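Engineer: According to this note's numbering, the residues represented by the sequence shown are 30 to 235, in order. Beta carbons: idealized from backbone N, C-alpha and C, even for Gly. Every value quoted in this text rests on a predicted model; they were computed, and no experiment measured them.
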Amino acid sequence: MPEPLVVHGPLAQVAARVAADLLAHDGARLRHSGAVAARAGEAAVVVPAHQRALLLAAAWLHDIGYAPALRSSGFHPLDGARYLRAHGWPEPIPTLVAHHSGARFVARTRRLEHDLDDFPLTGPALGLSGSEVRALADVLTWADQTTGPDGQPVSLDERLADMLHRHGPDSPNARSHHDREPDLRAAVRRVEDRREAVRSPLGECS
Numbered sequence: 030m031p032e033p034l035v036v037h038g039p040l041a042q043v044a045a046r047v048a049a050d051l052l053a054h055d056g057a058r059l060r061h062s063g064a065v066a067a068r069a070g071e072a073a074v075v076v077p078a079h080q081r082a083l084l085l086a087a088a089w090l091h092d093i094g095y096a097p098a099l100r101s102s103g104f105h106p107l108d109g110a111r112y113l114r115a116h117g118w119p120e121p122i123p124t125l126v127a128h129h130s131g132a133r134f135v136a137r138t139r140r141l142e143h144d145l146d147d148f149p150l151t152g153p154a155l156g157l158s159g160s161e162v163r164a165l166a167d168v169l170t171w172a173d174q175t176t177g178p179d180g181q182p183v184s185l186d187e188r189l190a191d192m193l194h195r196h197g198p199d200s201p202n203a204r205s206h207h208d209r210e211p212d213l214r215a216a217v218r219r220v221e222d223r224r225e226a227v228r229s230p231l232g233e234c235s
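(1) Which one of V47, V162, R68 and D191 has the shortest CA to CA distance from P178?
(2) Taking the continuous alpha helix (DSSP H) assigned at I122, which residues delimit it?
(3) Please state whether DSSP places P97 in a helix, a strand or coil.
(4) Quick check: the Cα distance between S200 and L141, rounded to an integer number of angstroms?
(5) G63: which of G156, A49, W118 and V75 sits nearest, CA to CA?
(6) Less than 8 Å separating the beta-carbons of Y95 and R58?
(7) Is it right to say P77 is buried, meaning 16 or more other beta carbons lie within 10 angstroms of its own, or is it exposed?
(8) Output the residue ranges of the alpha helix (DSSP H) runs that lie fully inside the region 161-217 and measure 4 residues or longer, sorted by chain position.
(9) May I ask which residues mark the beginning and end of the alpha helix (DSSP H) holding G70?
(10) Grouping DSSP H, G and I as helix and E and B as strand, with all else coil, what is H143?
(11) Quick check on the DSSP output: the alpha helix (DSSP H) that includes H91 runs from which residue to which?
(12) Sorted by chain position, which residues of the same chain lie with C-beta nearer than 6 Å to L99's C-beta, five sequence neighbours on each side aside?
(13) Short of 6 Å in beta carbon distance, which residues of its chain neighbour A41, apart from the five on each side in sequence? Order them along the chain.
(14) Going by Cα to Cα distance, which pick from V43, P97, A154 and R219 is closest to W171?
(15) Any chance the region 133-140 sits against the region 201-210, with 3 or more Cβ pairs inside 8 Å?
(16) Give me the residue from L51, H128 and A216 with the minimum Cα distance to P97.
(17) Specify the secondary structure class of G117 as computed by DSSP and reduced to three states.
(18) Looking only at its own chain, which residues have a Cβ that is under 6 Å from the Cβ of M30, when we skip the five neighbours before and after it?
(19) What distance in whole Å lies between the Cβ atoms of L155 and T176, which are believed to be in contact at a cut-off of 8 Å?
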């Protein structure tokens with residue numbers, strides 16, 4: 030059995046150390062993860078203050094499923110989420126990792142949708158309401174989809190074009206793109222709308 034998670038220091042800092050350890054083999058992936066966490070921090074104002082550490086930790090950890098030691102299904106959102114749950118990371122962090130950036134659409138193409146069902150986006154185990162979890166998932170998706178594979182800032186259009194080029198036309202990502210793209214665009218738009226509302230003199234943030 031894995032040892033239970035023992036947090037020494039702020040949760041996001043622990044997540045950063047875990048990501049650095051698991052992704053030490055892949056400097057670009059680690060830079061991407063750090064940049065996604067920084068990007069999530071820019072938009073963290075749109076979620077309640079007490080949830081921001083969860084968001085930043087999930088951002089640091091969202092790609093750990095690429096670590097060779099974690100690969101079981103070969104689908105990094107699922108493999109990362111399984112590792113986090115097995116090692117005692119608090120919800121909704123494993124669930125956010127499982128579902129980041131429209132993972133459910135790619136999971137369906139890979140015939141892993143039932144495996145992803147082990148990480149439902151609603152339910153008392155998450156400790157948050159469904160709308161709160163979806164808001165966190167939106168920010169994580171926004172951060173991931175506006176950060177390039179080497180950590181550089183990109184537009185959503187640039188990110189999607191690069192993804193299709195890197196993975197190729199026959200990849201699960203490409204085959205699920207027709208269904209996944211509108212979901213990604215909607216998440217990015219919701220976060221940008223919320224950020225604008227917070228910046229507005231009439232905007233409020235809980």
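Structural biologist: Let me spell this out:
(1) Counting from 1 along the sequence shown, the entry for residue 178 is found at position 149. The shortest Cα separation from P178 among V47, V162, R68 and D191 belongs to D191.
(2) Counted from its first residue, the sequence shown places residue 122 at position 93. I122 to H128 is the extent of the alpha helix (DSSP H) around I122.
(3) What you label residue 97 is simply residue 68 of the sequence shown in a count that begins at 1. Three-state result, P97: helix.
(4) Here residue 200 refers to the residue found at position 171 of the sequence shown. Here residue 141 refers to the residue found at position 112 of the sequence shown. Cα-Cα distance, rounded: 15 Å.
(5) Residue 63 sits at position 34 when you count from the first residue of the sequence shown. Here the closest residue by C-alpha is A49.
(6) To locate residue 95, count along the sequence shown from 1; it is residue 66. To locate residue 58, count along the sequence shown from 1; it is residue 29. It is a contact, given that the beta carbons lie within the stated cut-off.
(7) For the purposes of this step, residue 77 is taken as residue 48 along the sequence shown, with counting starting at 1. Per the 10 Å Cβ criterion, exposed.
(8) 185-196 and 201-204
(9) Taking the first residue of the sequence shown as 1, we reach residue 70 at position 41. Start and end: G56 to A72.
(10) Translated into the one-based positions of the sequence shown, residue 143 becomes position 114. Here H143 sits in helix by DSSP.
(11) Translated into positions along the sequence shown, residue 91 becomes position 62. Careful: H91 lies outside any alpha helix (DSSP H) and carries neither H nor E.
(12) Taking the sequence shown and counting its residues from 1, one reaches residue 99 at position 70. Cβ neighbours of L99 beyond the five flanking positions: D108 and Y112.
(13) Here the question's residue 41 lines up with position 12 in the sequence shown. Contacts found: A82, L85 and A86.
(14) Here the question's residue 171 lines up with position 142 in the sequence shown. With distances taken between Cα atoms, W171 lies closest to R219.
(15) yes
(16) Locating residue 97 in the sequence shown gives position 68, where the first residue counts as 1. Checking every option, the nearest Cα to that of P97 belongs to L51.
(17) One-based indexing of the sequence shown puts residue 117 at position 88. Coil at G117, not helix or strand.
(18) Here residue 30 corresponds to residue number 1 of the sequence shown, with the count starting at 1. Low confidence applies to M30: its pLDDT is 39, below 50, so where it sits in the model is not reliable enough to give any reading.
(19) For this step, residue 176 is matched to residue 147 along the sequence shown. For this step, residue 155 is matched to residue 126 along the sequence shown. So it is not a contact: roughly 25 Å between Cβ atoms.
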